[in-house]
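Visitor: The numbering used here runs 967 ahead of the 1-based position in the sequence shown. Ideal Cβ placement from N, Cα and C applies to all residues, glycine included. Once you've had a glance at the structure underneath, I'll fire off some questions.
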Amino acid sequence: MLPATGAGLRDAVDWRFLTRLKPRYPRLIGVLAVVLLLTGWWGLRLWHLRGEVAGYRSYWSQVTMPIAPPGALRYVALGDSAAQGVGASDPQHGYVSLIADHLRASSGRPVVVINISKSGARIDDVLRDQVPQLGGLDPDFVTVDVGGNDVRRYQTSVWSTGAASLCAQLPAGRSVVADVPWFMHAYWEHDARQARDALTQACGKDGVAVAPLAATFESHGWIGMFTLYAADWFHPNDHGHRLWADAIWNTATSTPGLLRQVDLSGPTARTDHQRASASAEPRRGVPVAR
């Protein structure tokens, strides 16, 4: 039993053992410390990413059917969490918002964004819950991204049938579908490649353009894991969302007959009323780009 007094405790314990605890491998300990710090930082990013799903859903649901200003274009986005903007630092940095900016700048007209996508959606979900809403929306432009969640549990017959049904129901001349993302890993990339081929073949029959999303990301190589993706290595980050937006927009503007009903000659033809509407744009809370 140790003495209760401080002096007795010092006499009873040989504190010289502490001198023997000097690290023999200071570099290894330093590396381990860095690994622990990076792991904690990465964990915080993943935690924040999970919160984005609910937060971004709330953002887009604030206005389910915004009142369109006179002369506004109606842009409808279908798909999964990428269309919600998950992975980006803000919904306004997601590819849907960026495409709306492209559409506004090129047409000189207000753009109403109706984002009916849903995180976690697979192709059956898009066909059942989202596509039927197009009939009552009369969109000028439609984008779809789907397939990332399907590849994780890929079924060839289900995907092929769904892709054919999706492309057949989208408005021709107004729609762009992003092809299935690049998965990098051979196990999933094999299925993703099959899904891309089926989607391209199906949409080609129905006059729906397919944006080369996978090729765009693959061109950046494996370094893209660290420069194009969020912490989960699945959703695109801000840079990745910009690439998504560019791939889809470039497809829309370079495909003959696509967006033929929209004058993309620029903002010079804007009316005084449209300029006044643009100056009153709410940046957040209402998914309307002008």
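Expressed to the nearest angstrom, what Euclidean distance is found between the alpha-carbon atoms of residue 1066 and residue 1128?
Guide: Taking the sequence shown and counting its residues from 1, the one referred to as residue 1066 is at position 99. Taking the sequence shown and counting its residues from 1, the one referred to as residue 1128 is at position 161. Near 28 Å, if we compare the C-alpha coordinates of residue 1128 and residue 1066.
Visitor: Over the uninterrupted alpha helix (DSSP H) stretch that includes residue 1125, give me the two end residues.
Guide: Here residue 1125 refers to the residue found at position 158 when the sequence shown is read from its first residue. It spans 1123-1136 - the alpha helix (DSSP H) in which residue 1125 sits, taken as one unbroken run.
Visitor: List the endpoints of the continuous alpha helix (DSSP H) containing residue 1118.
Guide: Numbered from 1 along the sequence shown, position 151 holds the residue referred to as residue 1118. Counting along the chain, the alpha helix (DSSP H) containing residue 1118 begins and ends at 1115-1119.
Visitor: If residue 1076 and residue 1040 are in contact, beta carbons under 8 Å, what's the gap, nearest whole angstrom?
Guide: The residue labelled residue 1076 in the question sits at position 109 within the sequence shown. The residue labelled residue 1040 in the question sits at position 73 within the sequence shown. Between residue 1040 and residue 1076 the Cβ distance is about 5 Å, and since that is below 8 Å, they are a contact.
Visitor: From what residue to what residue does the alpha helix (DSSP H) around residue 1213 run?
Guide: Residue mapping note: residue 1213 aligns to position 246 of the sequence shown, counting from 1. Start and end: 1205-1221.
Visitor: I need the boundaries of the alpha helix (DSSP H) containing residue 1066, first residue and last residue.
Guide: Locating residue 1066 in the sequence shown gives position 99, where the first residue counts as 1. Note, residue 1066: alpha helix (DSSP H), 1062-1074.
Visitor: Would you give the residue range spanned by the beta strand (DSSP E) that residue 1046 belongs to?
Guide: As a working mapping, residue 1046 is identified with position 79 in the sequence shown. Unbroken beta strand (DSSP E) run through residue 1046: 1040-1046.
Visitor: Sorted by chain position, which residues of the same chain lie with C-beta nearer than 6 Å to residue 1106's C-beta, five sequence neighbours on each side aside?
Guide: As a position in the sequence shown, residue 1106 is number 139, starting the count at 1. So the qualifying residues of the chain are 1041, 1043.
Visitor: Could you please give the first and the last residue of the uninterrupted beta strand (DSSP E) stretch that includes residue 1108?
Guide: For the purposes of this step, residue 1108 is identified with residue 141 of the sequence shown, where counting begins at 1. Element bounds for residue 1108: 1108-1112.
Visitor: Beta-carbon separation of residue 1145 and residue 1215 under 9 Å?
Guide: If you number the sequence shown from 1, residue 1145 lands on position 178. If you number the sequence shown from 1, residue 1215 lands on position 248. In this structure, residue 1215 lies closer than 9 Å to residue 1145 by Cβ.
Visitor: Where does residue 1056 sit, in a helix, a strand or coil, going by DSSP?
Guide: On the sequence shown, residue 1056 is found 89 positions in, with the first residue counted as 1. Coil.
Visitor: Touching or not, the region 1078-1097 and the region 1047-1055, by the rule of three or more beta carbon pairs under 8 Å?
Guide: Contact between the region 1078-1097 and the region 1047-1055 is present, because at least three Cβ pairs lie under 8 Å.
Visitor: Among the residues of its own chain, which have a CB less than 7 Å from the CB of residue 1132, if the five just before and after it don't count?
Guide: As a first step, residue 1132 must be located in the sequence shown, where it is residue number 165. So the qualifying residues of the chain are 1094.
Visitor: Given residue 1019, which residues of its chain have a CB within under 7 Å of its CB, disregarding the five upstream and five downstream residues?
Guide: Along the sequence shown, one-based indexing puts residue 1019 at 52. Counting only Cβ-Cβ distances below 7 Å, and skipping sequence neighbours, we find 1053.
Visitor: Hey, residue 1079 and residue 1035 are a contact pair by Cβ (cut 8 Å); roughly how many whole angstroms apart?
Guide: The residue you call residue 1079 lines up with position 112 of the sequence shown. The residue you call residue 1035 lines up with position 68 of the sequence shown. Correct: roughly 5 Å between the Cβ atoms.
Visitor: Using a Cβ-Cβ cut-off of 7 Å (strictly less than) and excluding sequence neighbours within five positions of residue 1235, which residues of its own chain qualify?
Guide: Translated into positions along the sequence shown, residue 1235 becomes position 268. Because the pLDDT at residue 1235 is just 40, under 50, the model does not fix this residue reliably, and the value given afterwards should be weighed accordingly. Here the set comprises 1075.
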